[in-house]
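The structure appears below as structure tokens.
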Amino acid sequence: MPNHLADAISPYLRSHADNPVAWFGWGEEAFREARRRDVPVLVSIGYSTCHWCHVMARESFSDPAIAEYLNAHLVSIKVDREEHPDVDASYLAAASAFTDGLGWPLNVFVTPDGQAFHAGTYFPPVARAGHPSFREVLTAVTTAWLTRRAEVTAGAARVADLLADSARELAAGAARFGANAQPGIDVLDQTVAELVGYEDARFGGFGGSPKFPVAPALSFLLGHGDHGHEELQGEGPGLALRTLKIMGASPLRDPIEGGFFRYAVNRNWSDPHYERMLYDNAQLLSLCTRAWMITGQSWARNIAEGIARFLCTVMQLPSGGFASAQDSESTVDGQRVEGGYYTLERSERARQTPPALDEKVLTGWNGLAIQALARAGFAFDRPDLIAAARRAADYLREQHERADGTLVRASVSGRGTEPRISAAAATLEDYGMYSRGLLELALVTGEVTYATRARHLLESTLSGTTDTGTDMPAFRPPNGADPVLSGQGLVSAIDPSEGAYPSGLSAAADAALLLHRLTGDDRYRRAAQVGLSLVASLAPARPLAYGAALAVFDELSAPIEQLVIVSPDHQQLDTRAPVTLTDLARRHPAPVVACVSESQARAFAAAGFDLFAARAAPTGQPTGYLCRDFVCQLPVTDPAQLPPVHGTAMLLAEIAAEIAAEAQQSD
20 MPNHLADAIS PYLRSHADNP VAWFGWGEEA FREARRRDVP VLVSIGYSTC
70 HWCHVMARES FSDPAIAEYL NAHLVSIKVD REEHPDVDAS YLAAASAFTD
120 GLGWPLNVFV TPDGQAFHAG TYFPPVARAG HPSFREVLTA VTTAWLTRRA
170 EVTAGAARVA DLLADSAREL AAGAARFGAN AQPGIDVLDQ TVAELVGYED
220 ARFGGFGGSP KFPVAPALSF LLGHGDHGHE ELQGEGPGLA LRTLKIMGAS
270 PLRDPIEGGF FRYAVNRNWS DPHYERMLYD NAQLLSLCTR AWMITGQSWA
320 RNIAEGIARF LCTVMQLPSG GFASAQDSES TVDGQRVEGG YYTLERSERA
370 RQTPPALDEK VLTGWNGLAI QALARAGFAF DRPDLIAAAR RAADYLREQH
420 ERADGTLVRA SVSGRGTEPR ISAAAATLED YGMYSRGLLE LALVTGEVTY
470 ATRARHLLES TLSGTTDTGT DMPAFRPPNG ADPVLSGQGL VSAIDPSEGA
520 YPSGLSAAAD AALLLHRLTG DDRYRRAAQV GLSLVASLAP ARPLAYGAAL
570 AVFDELSAPI EQLVIVSPDH QQLDTRAPVT LTDLARRHPA PVVACVSESQ
620 ARAFAAAGFD LFAARAAPTG QPTGYLCRDF VCQLPVTDPA QLPPVHGTAM
670 LLAEIAAEIA AEAQQSD
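When the letters of the sequence shown are read in order and numbered with our numbering, they come out as residues 20 to 686.
Printed below as a string of structure tokens:
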């Protein structure tokens, strides 16, 4: 029987193309084959940097005897969870009915109609410590299918019904809570206190082991509260800053190449799992850039610039897109080992083969990288970082935006070859994260086309959708949900769950809120509020699992602050000025900071971004406009006249003094 994975887009799937298992990729064809043969389906889900996925592939899926049994008694589907996150989420939910230890590889046994009746994660080739061997599991599954069919299908139907009921209850709970509902400041304060209680006072981070960065929760903490001059002693930002500093000095971060590993096995951050994910490093870059803006401390800038270096030199592909991950395993002196490459010094690494990249370019995760690099490039006055963000955005524009306005989920850009495009449906996270990245790029480059593209993409998630119980649109991927899952009735319209990075719902709400700050169109703020009403009661109760949603709730509760610096189109730089308005803008903590020329401001205003309306440099000098709740103070040309705003972690006068001192030291 043929293996169908040789031409797969996903490098993870292609790594299984030589298995004797007759793998199918995700799609209706496999289920049709299962119905024709009247056999169950194995849906095996993993990803390229998953250590135990590789182990099971070597131990079991490469075993001719196991493959022969699989091919004779089941139809086998291999899924890359990063290419098909909705498939992964659906089957993770189903698997929770059969096992508490969820993870990857995730092996789910389903009926030809897609309903799960048994599941597990890693199965060893030989029974160990009470865990059955994979062959024993396969035998039990096929025996039950042949001898207890009615019991199996009835149980699978009950699981499917329970999942459907859970989705309906979530929507109904949101409707009862109200479309205008959001946690108040008191609830958010209590949530911060709860997170403080989770802190490992000895080694930093949250809880014991294993220990993860949990970047979304850190984002909520860093942005929470009244960030006046005394706020560095506050619980939320203080906890976030402590955690970032400790992580940056821990074994979780590679000090040579600058990137963070996915998680650490031990409480003290030692023994990391050595895969490096794009989403972790993009979010941590954003956080450390923000930490430097708040504190001005060198540790934050050093960590941020190290991450940026890793993203640009290791993760960015020749096409401009960013690879999704780097493997944990590498070949060192001819031996394949996990993590061995990272024990070497820089000169020794140059003689070895580095860990492989998963060169799959994901729209959403690239959006996170674009956002992080654009803001870091502006904050640190690093045009090279902004250029890297541009290259990724331009690649996505050319390869991931279809003529009909919808997005592609994934591609493999290749090296010297034309990109190959995945058939996987783009998800809400792709629209939300990519839109947010484009908006950030627009603000730091002054190029309105990035902003108009972002607005168009976000609008497409709102068109023709209505949230239950309201007349306001809610977020939905315009491509619709995965067609196979939808046909089987196994997917809800929105998956609000969050993990190591924001859900599609939180990402779309975050982008919508920034659009509101730029346009003044209240429809975007209402969309964010209505969309997140789905998790308004869940997020405070589970802060480590809903950090990105909490961060948006926090911003919804805060005053709207914007800073626009407008320069004459043909400005001559005054090299005598020790501090400029742009210098201050690089460190300004307002949520919206833009530096544009007069002609760029006019282009933004003409395109409907009202924040830029009537913003000019009438005296021929760079002019600053500081606004709160869309009411702007008088324009200023002297940096000393730019006052601090609510949310300022350091007084701007202190920032100016720091910049001036640095300039004097460099002379």
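We put the beta carbon where it would ideally sit given N, CA and C, even for glycine. Remember, predicted model here, so these are calculated numbers, not experimental data.
| field | Residue from Asp423, Ala422, Glu417 and Cys651 whose Cα sits closest to the Cα of serine 430 | value | For the purposes of this step, residue 430 is taken as the residue at position 411 of the sequence shown. Measuring C-alpha to C-alpha distances from serine 430 to each of Asp423, Ala422, Glu417 and Cys651 identifies Glu417 as the nearest.
| Which one of Gly133, Cys307, Pro587 and Gly242 has the shortest CA to CA distance from isoleucine 265? | As a first step, residue 265 must be located in the sequence shown, where it is residue number 246. Cα-wise, what sits closest to isoleucine 265 is Cys307.
| Sub-8 Å separation of glutamine 507 and glycine 133 beta-carbons | Against the sequence shown, residue 507 aligns to sequence position 488. Against the sequence shown, residue 133 aligns to sequence position 114. Yes. Within cutoff.
| task | Report buried or exposed for alanine 148, applying the criterion of at least 16 other Cβ atoms within 10 angstroms of its Cβ. | result | Taking the first residue of the sequence shown as 1, we reach residue 148 at position 129. By the neighbour-count definition (other C-beta atoms within 10 Å, threshold 16), alanine 148 is an exposed residue.
| query | My guess is that tyrosine 469 and leucine 415 are in contact by the Cβ rule of under 8 Å, so how many angstroms apart are they, rounded? | reply | The residue labelled residue 469 in the question sits at position 450 within the sequence shown. The residue labelled residue 415 in the question sits at position 396 within the sequence shown. About 11 Å; that fails the 8 Å criterion.
| task | Can you grab the Cα-Cα spacing for the pair serine 687 / serine 576, in whole Å? | result | Given that the chain is displayed from residue 20 to residue 686, the structure contains no residue 687 and the question cannot be resolved.
| field | Same chain, Cβ closer than 8 Å to arginine 365, five either side skipped, listed in chain order | value | As a position in the sequence shown, residue 365 is number 346, starting the count at 1. Only residues of its own chain outside the window of five on either side were considered, and among them Ile275 have a CB closer than 8 Å to the CB of arginine 365, listed in chain order.
| field | Coarse secondary structure for histidine 35, derived from DSSP in three states | value | Taking the first residue of the sequence shown as 1, we reach residue 35 at position 16. Collapsing the DSSP output to three states places histidine 35 in coil.
| query | What first and last residue would you give for the alpha helix (DSSP H) that runs through serine 454? | reply | Sequence index remark: in the sequence shown, residue 454 carries index 435 (1-based). Element bounds for serine 454: 447-464.
| Can you tell me whether DSSP reads isoleucine 326 as helix, strand or coil? | In the sequence shown, the residue the question calls residue 326 occupies position 307. Isoleucine 326: helix per DSSP, three-state reduction.
| According to DSSP, is proline 658 helix, strand or coil? | On the sequence shown, residue 658 is found 639 positions in, with the first residue counted as 1. It is helical.
| message | My output table needs one value for alanine 613: the three-state DSSP class, helix, strand or coil. | response | Translated into positions along the sequence shown, residue 613 becomes position 594. In the displayed model, alanine 613 falls within a strand according to three-state DSSP.
| message | Looking at arginine 401: is its Cβ nearer than 8 Å to the Cβ of valine 463? | response | Counting from 1 along the sequence shown, the entry for residue 401 is found at position 382. Counting from 1 along the sequence shown, the entry for residue 463 is found at position 444. Between arginine 401 and valine 463, the gap from beta carbon to beta carbon reaches 8 Å or more.
| message | Just to confirm the assignment: which complete alpha helix (DSSP H) runs, minimum length 4, are found wholly within the region 97-166? | response | DSSP assignment within the region 97-166 yields the following whole alpha helix (DSSP H) runs of 4 residues or more, N-terminal first: 104-114 and 153-166.
| task | Answer with buried or exposed for threonine 118, where buried requires no fewer than 16 other C-beta atoms within 10 angstroms of its C-beta. | result | Here residue 118 is taken as the residue at index 99 of the sequence shown, counted from 1. Of the other Cβ atoms in all chains shown, fewer than 16 fall within 10 Å of the Cβ of threonine 118; this residue is therefore exposed.
| query | If we count the other Cβ atoms within 10 Å of its Cβ and call it buried at 16 or more, is phenylalanine 329 buried or exposed? | reply | Locating residue 329 in the sequence shown gives position 310, where the first residue counts as 1. Result: buried.
| said: Taking 8 Å as the threshold (C-beta atoms), are proline 658 and leucine 645 in contact? | reply: What you label residue 645 is simply residue 626 of the sequence shown in a count that begins at 1. What you label residue 658 is simply residue 639 of the sequence shown in a count that begins at 1. It is not a contact, given that the beta carbons lie outside the stated cut-off.
| task | Can you tell me which of the three DSSP states cysteine 72 falls into? | result | As a working note, residue 72 is residue 53 in the sequence shown. Looking at cysteine 72 - three-state DSSP - the assignment turns out to be helix.
| said: Can you tell me where the beta strand (DSSP E) holding isoleucine 64 begins and where it ends? | reply: Within the sequence shown, residue 64 is the residue found at index 45, counting from 1. Where isoleucine 64 is concerned, the enclosing beta strand (DSSP E) stretches over 60-65.
| message | Give me, in chain order, the residues of the same chain whose beta-carbon lies closer than 7 Å to that of leucine 24; leave out the 5 immediate sequence neighbours on both sides. | response | Within the sequence shown, numbered from 1, the residue matching residue 24 stands at position 5. So the list reads Leu32, Arg33, His35, Ala36, Trp42, Gly44 and Lys97, once near-sequence residues are dropped.
| field | Where methionine 20 falls: helix, strand or coil (DSSP) | value | As a first step, residue 20 is located in the sequence shown; it is residue number 1 there, counting from the start. Coil, per DSSP.
| query | Is glycine 643 helix, strand or coil when you go by DSSP? | reply | Taking the first residue of the sequence shown as 1, we reach residue 643 at position 624. Here DSSP, grouped into helix, strand and coil, assigns glycine 643 to strand.
| query | What's the C-alpha gap between asparagine 15 and valine 62? | reply | This structure cannot speak to residue 15, because the chain is shown only from 20 to 686.
| query | Is it true that the region 288-298 meets the region 309-328, where meeting means three or more beta-carbon pairs spaced less than 8 Å apart? | reply | Touching, no, given that fewer than three Cβ pairs across the two stretches are closer than 8 Å.
| query | Of the choices Ile326, Ser505, His92 and Phe628, whose alpha-carbon is the least far from that of valine 156? | reply | Numbered from 1 along the sequence shown, position 137 holds the residue referred to as residue 156. Ranking Ile326, Ser505, His92 and Phe628 by Cα distance to valine 156 puts His92 first.
| message | Which residues does DSSP list as the beta-bridge partners of alanine 283? | response | To locate residue 283, count along the sequence shown from 1; it is residue 264. Bridge pairing for alanine 283: Lys230 and Pro291 [DSSP].
| task | Using alpha carbons as the reference points, say which of Thr350, Gly396 and Glu254 lies closest to alanine 604. | result | Position 585 of the sequence shown, counted from the start, is the residue given in the question as residue 604. When Thr350, Gly396 and Glu254 are compared, the shortest CA-CA separation from alanine 604 is found for Gly396.
| task | Using 10 angstroms around the beta-carbon of alanine 560, count the other beta-carbons present and answer buried if the total reaches 16, otherwise exposed. | result | In the sequence shown, residue 560 corresponds to position 541, counting from 1. Counting Cβ neighbours within 10 Å, alanine 560 comes out exposed, since fewer than 16 surround it.
| field | Three-state secondary structure assigned by DSSP to serine 269 | value | Working through the sequence shown from its first residue, we reach residue 269 at position 250. The three-state secondary structure of serine 269, taken from DSSP, is coil.
| query | What are the boundary residues of the alpha helix (DSSP H) that includes glutamate 355? | reply | Locating residue 355 in the sequence shown gives position 336, counting from the first residue. A quick correction: the sequence has arginine, not glutamate, at residue 355. Counted as a single uninterrupted DSSP element, the stretch harbouring arginine 355 is not any alpha helix (DSSP H) but the beta strand (DSSP E) occupying residues 354-357.
| Is it buried or exposed for leucine 165, if we count other Cβ within 10 angstroms and need 16 for buried? | For the purposes of this step, residue 165 is taken as the residue at position 146 of the sequence shown. Counting Cβ neighbours within 10 Å, leucine 165 comes out exposed, since fewer than 16 surround it.
| said: Let me check understanding here. Comparing Cα to Cα, which of Asn285, Val503, Leu111 and Thr599 lies closest to phenylalanine 225? | reply: Working through the sequence shown from its first residue, we reach residue 225 at position 206. The residue with the shortest Cα to Cα distance from phenylalanine 225 is Asn285.
| Same chain, Cβ closer than 6 Å to proline 654, five either side skipped, listed in chain order | Within the sequence shown, numbered from 1, the residue matching residue 654 stands at position 635. Result list for proline 654: Thr642 and Tyr644, in chain order.
| task | Assign glutamine 316 to one of three DSSP states: helix, strand, or coil. | result | Looking up residue 316 in the sequence shown gives position 297. Three-state result, glutamine 316: coil.
| Whose C-beta lies closer than 6 Å to the C-beta of alanine 301 among residues of the same chain, with five residues either side of it excluded? | Your numbering for residue 301 matches position 282 in the sequence shown. Within the same chain, alanine 301 has close Cβ partners Leu387, Ala388 and Ala391.
| query | Helix or strand or just coil, what does DSSP make of arginine 177? | reply | As a working mapping, residue 177 is identified with position 158 in the sequence shown. For arginine 177, the three-state secondary structure derived from DSSP is helix.
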